[in-house]
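Worksheet: the structure to be examined is printed underneath.
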Amino acid sequence: MSLMQSPVLLTTSKFTDALFTPHFRLRSTVIAKRRGGWGKVSDISGQRRWDSRVLCSRSQSDQRDIGSSSKENKLKSLFQSWDVPWDWKVTMYVMMPYLMSILFTGFVRSSLGTDFQPFSENMQGSFDDVDEVAFHFFMDQLLKTIAKLSILFILVSPYRPFPDDIFSYEWSQPLNRRYGWIIWGGGGLTVASSVVFLIEALLGAVSGQMQNEGESLMRLLPLVGESQVSTVCVLGVLSFLTPLCEETLYRGFLMVSLTKWFPMPVSLVISSAVFTLSHQSHSNFLEIFSFGIILGLVYAQTRNLAAPIAIHACWNLGVITTVIYLQSQGYDIHKYAL
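Counting from 8, one number per residue, gives the positions in the sequence shown under my numbering.
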């Protein structure tokens with residue numbers, strides 16, 4: 008046997024070849040990382056050097072950048088304007104009757120020094136019973152809602168098809184994280200209740216008395232709880248017709264239209280102010296304005312009118328339910344119905 012064919016030399020040669028193979032260099036790098044901690048690691052050939060501290064710091068900075076960019080994207084989507092197809096003339100044609108009604112009603116009320124009541128004792132005396140009053144009230148509000156929404160959609164119909172986020176009523180996915188009306192409606196209702204309660208507590212501490220919550224709704228007390236028909240009629244108006252009409256008008260149309268000329272925050276404030284003035288309630292001005300702001304923010308986030316409609320309906324329903332409960336417990340709440 009020759010020297011080149013010696014088993015010892017053959018074994019040494021195989022070990023040397025295996026030592027410098029790419030697989031062994033990669034394995035040695037991993038072993039060196041485990042032994043040497045998080046310092047610099049070199050493979051046997053010395054071709055590459057890696058610093059894991061640099062890699063770790065880069066990954067952390069990348070995560071921070073991703074987190075900050077996601078927050079910026081959420082704010083941009085919240086304050087993003089709508090692509091409004093109609094011009095200022097359509098906006099004025101739709102809103103002018105409401106603005107004139109607000110000004111005229113405010114002028115008459117300030118001149119007479121009294122408040123108009125939807126159902127005074129004289130009006131109730133003209134009907135045979137409370138059910139008839141409630142039914143006429145429901146039909147009156149139903150016809151007004153149909154007329155208002157018909158005029159609105161007739162004026163904007165030439166600009167159809169609308170973008171996907173204009174006049175969108177998406178009820179099919181209530182738990183969607185982006186536009187689900189149950190998720191955002193429940194959250195908005197919780198925030199609105201907390202804000203209104205805080206405002207009333209602060210105003211009560213300053214003035215020494217609590218504000219009369221739901222002042223305009225209290226005027227309907229003679230119709231609430233008197234019979235099933237009257238209660239259903241009032242609930243139908245306050246939990247369906249009123250939220251549908253007001254949210255479509257003030258959030259779905261006015262706030263959206265204003266974003267064509269103003270930034271989103273300015274449009275939100277203006278539409279909430281008009282929404283507040285339309286309620287003709289001086290004592291609850293801050294509460295209604297804050298409520299309008301929250302409704303507008305929810306709609307800006309979801310781009311789905313179903314969410315603010317759900318909040319508005321649950322709010323009115325909660326007030327009326329509280330009134331019915333207090334009435335069933337024997338509280339003399341009719342004194343609030345002037």
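From the three backbone atoms N, C-alpha and C, an ideal C-beta is built for every residue, glycine too.
Can you tell which of the options has its C-alpha closest to the C-alpha of residue i?
i              : options                        : result
aspartate 138  : Gln235, Val305, Cys252         : Gln235
serine 108     : Thr328, Ser285, Tyr306         : Ser285
asparagine 183 : Gln308, Ile161, Gly337, Trp322 : Gln308
Less than 7 Å between C-beta atoms, sequence neighbours within five positions excluded: which residues of the same chain meet that for residue i?
i              : result
isoleucine 206 : Leu293, Glu294, Ser297
lysine 151     : none
Determine the DSSP secondary structure at residue i, reduced to helix, strand or coil.
i              : result
serine 285     : helix
asparagine 323 : helix
glycine 187    : coil
lysine 267     : coil
tyrosine 332   : helix
I need the straight-line Cα distance from residue i to residue j, nearest angstrom please.
i                 : j                 : result
valine 163        : lysine 267        : 15 Å
alanine 320       : glycine 192       : 10 Å
valine 91         : phenylalanine 169 : 8 Å
phenylalanine 282 : proline 181       : 26 Å
tyrosine 332      : tryptophan 95     : 46 Å
tryptophan 188    : alanine 314       : 4 Å
valine 202        : valine 231        : 27 Å
glycine 325       : leucine 196       : 11 Å
serine 274        : phenylalanine 204 : 25 Å
methionine 146    : serine 246        : 15 Å
leucine 265       : valine 276        : 10 Å
threonine 328     : glutamine 334     : 10 Å
alanine 208       : isoleucine 161    : 44 Å
Sorted by chain position, which residues of the same chain lie with C-beta nearer than 6 Å to residue i's C-beta, five sequence neighbours on each side aside?
i                 : result
leucine 199       : With the sequence shown as reference, residue 199 is identified as alanine, and leucine is not the correct amino acid for it. Answer for alanine 199: Phe298, Ile301, listed in chain order.
phenylalanine 86  : Met271
phenylalanine 123 : Confidence in phenylalanine 123 is poor, its pLDDT being 48 and thus under 50, which makes the residue's placement unreliable; the coordinate value appears in the next sentence. None.
serine 237        : Val137, Asp138, Ala141, Leu230
Considering only the beta carbon of each residue, do residue i and residue j sit closer than 8 Å?
i                 : j            : result
tyrosine 176      : leucine 312  : yes
aspartate 172     : arginine 258 : no
phenylalanine 144 : valine 244   : yes
leucine 159       : leucine 256  : yes
cysteine 252      : leucine 156  : yes
Residue i: beta carbon under 7 Å from a heavy atom of the ligand NAP?
i              : result
isoleucine 277 : The ligand NAP is absent from the structure shown, which contains no ligands of any kind.
Report yes or no: is there a C-beta of chain C within less than 8 Å of the C-beta of residue i?
i          : result
serine 108 : Although the question refers to chain C, the structure presented lacks it and comprises just one protein chain.
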